[in-house]
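Protein chains in written order, with this note's numbering: chain L, 137 to 447; chain C, 257 to 550; chain E, 1150 to 1607. Note sheet for the following structure.
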Amino acid sequence: MTTVDTSVAPAVTVIASPVRRRRRTGPAGWLFVAGYTVLLVAFGIFPTVYAFYLALTNDRGQFTGLNQFVKVAQDYRFLPAFLNIALYLVMWLVALVVLTVAVAVVLRGRIRPGLSAIFRFLYYVPGALAGVASVLVWLFMLDPGVSPASGLLHALGFDSFAAVLAPGDLPVIFVLIAFWTGAGGWMVVMYGALNNIPDEVLEAARMDGAGPWRTAWNIQIPMIRKWIAYMTILAFAAGTQLFVEPQLLQTASLGRVSPTWSPNQLAYVYAFQKGDFNGAAAISVFLLALGLICAGVLVSRSDLFTVDDEA
Amino acid sequence: MLSRLKRPHESASLVIVVLLLALAVFFVVPVLWLVLAPTKTAGELIHDGPLSFGSLANIGTAWQHLIAFQDGVLLVWLRNSAIYSALTLVLTLLVSVPAGYALALMNFRGRKTLLAVTLVVMIMPSATLVLPVFLELNQFGLIGTIWSVVLPMAFYPFGVYLVYIYFATSLPREIIEAARIDGCSQLQVFTRIALPLAKPVAGLVAFFSFVGNWNNFFLPYLVLPNSDQFPLQVGLNQLLSSTPAFNPVAGGGLNITSPELALAVIIAILPVLVLFVFSQRTLVSGMLAGSTKG
Amino acid sequence: MSPRSMKSGARRRLTIAALSVTAVMLSACATAEQSTAPGGGGSPAAFEPAPQQDGSQITVWTDSTRLKSVQAYQAAHPEAKLNVVTYDGSADGSTYLQTKVQLFDRTGNGWPDVVFASTTDVTWASQPANPQAKAFAAPFDAGLVPQATLDGFAKGSLDPCKFNGHTYCLRNDIAQVVLWYNKKLMDEFGYQVPETWEQYEALGEKVAKEHPGYLIGSVGDTNSHESYFWSSQCPALSLVDARTLKSDLSDKNCTRMATLLDKLIAAKSLTTQGFFSQSFAKDNASKVLMANGPSWYGKYLFDGAFKVPAGQMAATGPLKWDGESTVATGNVGGGVWMVSSHTANLKTATDLVTWLTTSNENQAGAPTYPAYSAAAKAWLANPENKQYFATDVSDVLTKAADAVWTGWSNTRFSDATAWSNVVLPALTAGRTLTETLPQWQTAIIDEAKTVGYTIAGK
């Protein structure tokens, strides 16, 4: 879940001035990046290559072609797990993008700065409860027996914790948890990004007779497009890795939630229950491909990362 | 409240404020509930109002129950979390500040490749690599040692990228050129000029790295099999599954119930919460620092 | 970097290359199957203990219910060095122990020396996980405990521990199913205690009319199917041989129970909320008139969780079906203790497990019914147990212990998983058991296949 936690910062990455031509400084540079390169190879590049190697072989080291992929794709738990995560991702990303941007626009333009700061702070604080803590808190929030929202839960027809955990509700529950911990930080970032739009630009729009909503839609939102794309990529990458949330919910619900609800859980079961690391790697490669393809599309659509020198 | 609004469209503004308040309730009430939970007994949690205050004495009782769990293993978990996170943090800073600096301001063969790979790895779902990392660590006999969590977590491409952006946008090349002409070695330029300037970005990297490490679950869950090596996050999972708070069948006979669990959660998040509360302003200004120059 | 900048010629060449790679990958490749089916290894080599170190510390993994017993051993044997860890005890189909042992097998150290586990765990613990590994559980018959001790366990209670002629676990308790009832309430209401399922059903409908709100059982727990469907001799999980499983939920022994339960659920005298669910004890504990369930309901559920005062609960049964002469009943859990084959202190580990399972000192006061016959007698004779129940439950429990139906097999996967994540949510959503049976069967069969069973036709 590291990606969720890092979520608050990345806006910077998008904007960087073109770097000037430079003189070669020779091997000294290698010394500076040596430590990082070792870690990058050990925990970034090698595991990726190794995952592919594992997914293409069996436990005797024989080349299996795509057979591992076919094998895991035929597992009866494969499709439900990927459907679960897809449903979750769609709801989570839509909720995140729409609400974060909307709230940021409102906080920036329609509310006094002092009040806006208070709201931002309140939204942002649950970010400290990422991971296990957030799930534990929400276990209580969703139990009509103790929840401060028990009235609401009863009104929605949920009379027991078990009723809340109906299989169809799970993606919504995970979206709630993710939104609660993650969205506040992003609202702060989006607000900051909007703040950087020069006042003259907004003033000009107002002079042209654009109301606040038109300004937001036609000027502000297009200008923070890269931040939105960046947020989407990180939230997507984090979302595909869902593990702690369903795992804890499975424990707390005494098995009512499937132990292989998300693909990552299925990979875990393959690796540590069946001892089949090759099958597990095949599932990981599926996830990796999914993440990279979607990131690739977003990156190319939004001109994100066109930071470096080639200009 | 209305008087504080900026614009005169009062009805629209009222709706907005109501919606913002509703959102605030959504974000804040669970936190409030959590903070109040340990002041009540398990029974009071069910019967009393959800946001009522019990008594301070109950916190003490809950604390004693928690400490009694497996001879105070909670404190061991807390210590583990602190050690893992701090060690990782130091390593991350040692590695990523020079790397980001070199990527931004030095020119060497492979620089662009390194940068491109960093970008790709940064947006890869890292948990999918945990299984191969597990096998790799196992090859080197590191599973179950402190290094099995610290080393993989110290790899933090996002941190390198932040430092890179910072130096690329805020340290004029001319200063470096001048220093070089004055006879400074590469190392001297870095330690005397770049490092002092790197404080804000180092703080930013430190914050994200620490929060990420502290909350990491999947990696330590896999690579640390023994309960007395767990960091707090993995410990919380064990607390949940082996106590009656949510598992009456497995946990009958232990007095770890809802208030104790809530207290454990509070203890687990306290360091990060403190960091969050005190660093919002710095963070925002830090993370947007680059943009004004863009 | 951007795909848009790629020249169309280069793109075509790339496509061709990609296609040819795919073609190669699809042809002539090795199988993706594991070299050994999980848990299906051949007969294990003779047991070779790890190098022993007398008096070394042993790590004990226990569930929190058994924690007190381990602590009592420590108090009575101060010289033994124990490191006690609480875990979920493999309850409710948890695979925590299995995944951790797999991990230790990979790393080659770290195994707990003694574990409390479920009978499902013995199915994998008795086999090496891969050709290089050693089976996790040490066979007790290889000189660890005298044969006389093994013979002292109740008939059939060690069956789930036996593989390839060796005994890999000592059974802690048996969980034979009987009909528990609140005698005080039954007398108050003027009801006859049912002896057959038909009477049970009739009484359930009567209770619903005359005393709405009172309950004659629950099907909402992770183990309720064992109380009801196992007792009904439903062939949900029957091993034909070690590798072949038969599951037929359309059998009349299954449908008759489903029909009966559906009627009572509709009448609301049987709840789909679990006895062990979060809020049951606080809302409904005093409304439980009867409960068909394991022997440990007596002390553990009614005394411990529901706090029913002494002198009220009694037991009868097991219930029969009209026209059937054989008495059969179910079994709900019944934990086991295993010693690791990797332990460096077999002496202390074995002594601890023997003490936990067979000593009257521990077992007479246990919350569950001991599997060791002599200890079971002591348990029944224990005044504390006697005084709690309204009638003498000895005969009922003894009779039920011998009547556990053997057609419900101990498989390599937990029967709780399919029940709790397929059937229970369906019941919560208001669907009937009868219409959920086919789904339940599919879930069982799917799960059986993934652990390597062949499915037998009808």
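Using N, Cα and C, we set each Cβ at its ideal position, and we do this for glycine too.
Residue i classed as buried or exposed, judged by whether at least 16 other C-beta atoms fall within 10 angstroms
i	result
L:K410	buried
C:P487	buried
L:F422	buried
L:A536	In the structure displayed, chain L extends from 137 to 447; residue 536 of chain L sits before or after that span and is not available.
E:E1228	exposed
C:P500	buried
E:M1487	buried
E:L1168	exposed
E:D1203	exposed
E:V1389	exposed
L:N354	exposed
E:K1361	In the sequence on display, residue 1361 of chain E carries Pro and not Lys. Counting Cβ neighbours within 10 Å, E:P1361 comes out exposed, since fewer than 16 surround it.
E:T1475	exposed
L:W349	exposed
C:M554	As displayed, chain C neither begins before 257 nor continues past 550, which places residue 554 of chain C out of reach and without an answer.
E:Q1422	buried
E:G1399	The sequence shown places Ser at residue 1399 of chain E, not Gly. Under this definition E:S1399 is an exposed residue.
E:L1163	exposed
C:F396	exposed
Option in the options with minimal Cα separation from residue i
i	options	result
C:S483	C:F325, C:P294, C:S441 and C:P527	C:F325
L:L391	E:C1178, E:T1566, E:I1594 and E:Y1317	Strictly speaking, residue 391 of chain L in this sequence is Gly, with Leu absent from that position. For the residues E:C1178, E:T1566, E:I1594 and E:Y1317, the minimum Cα distance to L:G391 belongs to E:T1566.
E:A1477	E:L1386, E:L1168, E:S1376 and E:A1434	E:S1376
E:F1455	E:A1240, E:T1465 and E:A1434	E:A1434
E:W1554	E:T1214, E:P1343, E:S1373 and E:S1381	E:S1381
E:Q1325	E:S1373, E:E1347, E:K1311 and E:F1289	E:S1373
E:S1184	E:N1279, E:E1350 and E:F1302	E:N1279
E:T1492	E:Y1245, E:L1293 and E:N1331	E:L1293
C:I431	C:L418, C:S382, C:Y422 and C:V445	C:V445
E:D1544	E:L1328, E:P1200, E:A1282 and E:Q1281	E:L1328
C:V329	C:Q494, C:V528, C:F502 and C:V530	C:Q494
E:C1178	L:F199, L:G347 and L:S270	L:F199
C:P286	L:L223, L:W316, L:L235 and L:L229	L:W316
C:W289	L:A170, L:S270 and L:E381	L:S270
Would the stretch 1499-1517 of chain E count as touching the stretch 1294-1309 of chain E if we require 3 or more Cβ pairs under 8 Å? yes
What are the complete alpha helix (DSSP H) segments, minimum 4 residues, inside the stretch 1440-1513 of chain E? 1495-1507 and 1509-1512
Between the stretch 1560-1575 of chain E and chain L, which residues of the former have a C-beta closer than 7 Å to a C-beta of the latter? A1565, T1566, S1569, N1570, L1573 and P1574
Completely contained beta strand (DSSP E) runs for the stretch 1386-1424 of chain E, where each covers 3 or more residues: 1387-1390 and 1393-1395
Given 8 Å, three or more beta-carbon pairs between the stretch 257-264 of chain L and the stretch 311-325 of chain L: yes
Identify each residue in the stretch 448-472 of chain C for which the Cβ-Cβ distance to at least one residue of chain L is less than 7 Å, and report them in chain order. L460, F464, V467, G468, N471 and N472
At which residue ranges does the stretch 211-257 of chain L contain complete alpha helix (DSSP H) runs of 4 or more residues, listed in the order of the chain? 214-245
Unbroken stretches of the beta strand (DSSP E), 3 residues or longer, contained in the stretch 1231-1294 of chain E: 1231-1235 and 1263-1266
Tell me, please, whether the stretch 382-402 of chain L touches the stretch 209-221 of chain L by the rule of three or more beta-carbon pairs shorter than 8 Å. yes
For the 8 Å Cβ check, are there 3 or more pairs between the stretch 1418-1429 of chain E and the stretch 295-306 of chain L? yes
Pick out the complete alpha helix (DSSP H) segments inside the stretch 1317-1386 of chain E, 4 residues or longer, and give them in chain order. Taking only runs of at least 4 residues, the alpha helix (DSSP H) segments lying wholly in the stretch 1317-1386 of chain E are 1332-1338 and 1346-1359.
Any alpha helix (DSSP H) of 4 or more consecutive residues that is wholly inside the stretch 424-508 of chain C: 429-437, 455-471, 474-479, 488-497 and 504-507
Indicate whether the contact test is met: 3 or more Cβ pairs, each with one atom in the stretch 415-431 of chain L and one in the stretch 189-205 of chain L, closer than 8 Å. yes
Given 8 Å, three or more beta-carbon pairs between the stretch 193-205 of chain L and the stretch 264-276 of chain L: No, because fewer than three Cβ pairs between the stretch 193-205 of chain L and the stretch 264-276 of chain L fall closer than 8 Å, the two stretches do not touch.
Are three or more beta carbon pairs between the stretch 167-184 of chain L and the stretch 400-418 of chain C nearer than 8 Å? yes
Members of the stretch 190-202 of chain L near chain C, C-beta cut-off 8 Å: L190
Please name the residues in the stretch 218-238 of chain L whose beta-carbon is closer than 7 Å to at least one beta-carbon of chain C, in chain order. Against chain C - using a Cβ distance shorter than 7 Å - the stretch 218-238 of chain L contributes no residues.
Quick check: the stretch 324-341 of chain L against the stretch 240-253 of chain L, are at least 3 beta-carbon pairs closer than 8 Å? yes
Report yes or no: do the stretch 466-475 of chain C and the stretch 260-268 of chain L share at least 3 C-beta pairs separated by less than 8 Å? yes
Within 8 Å of chain L by C-beta, residues of the stretch 296-307 of chain C in sequence order: Listed in sequence order: L301, I302, P306 and L307.
In chain order, each beta strand (DSSP E) run of at least 3 residues that lies wholly inside the stretch 1534-1595 of chain E: none
Relative to chain L, which residues along the stretch 371-405 of chain C have a C-beta separation below 9 Å, given in chain order? Correct list: L371, A372, V373, T374, L375, V376, V377, M378, I379, M380, P381, S382, A383, T384, L385, V386, L387, P388, V389, F390, L391 and E392.
Got a sec: which bits of the stretch 349-364 of chain L sit with their beta carbon under 7 Å from any beta carbon on chain C, in order along the chain? none
Can you pull out the residues from the stretch 1234-1255 of chain E whose beta carbon lies closer than 8 Å to at least one beta carbon of chain C? V1234, T1235, Y1236, D1237, G1238, A1240, D1241, S1243, Y1245, K1249, L1252, F1253 and R1255
Between the stretch 325-347 of chain C and chain L, which residues of the former have CB atoms less than 8 Å from a CB of the latter, in chain order? none
May I ask you to list, following chain order, the residues of the stretch 287-305 of chain L that have a beta carbon less than 7 Å from some beta carbon of chain C? none
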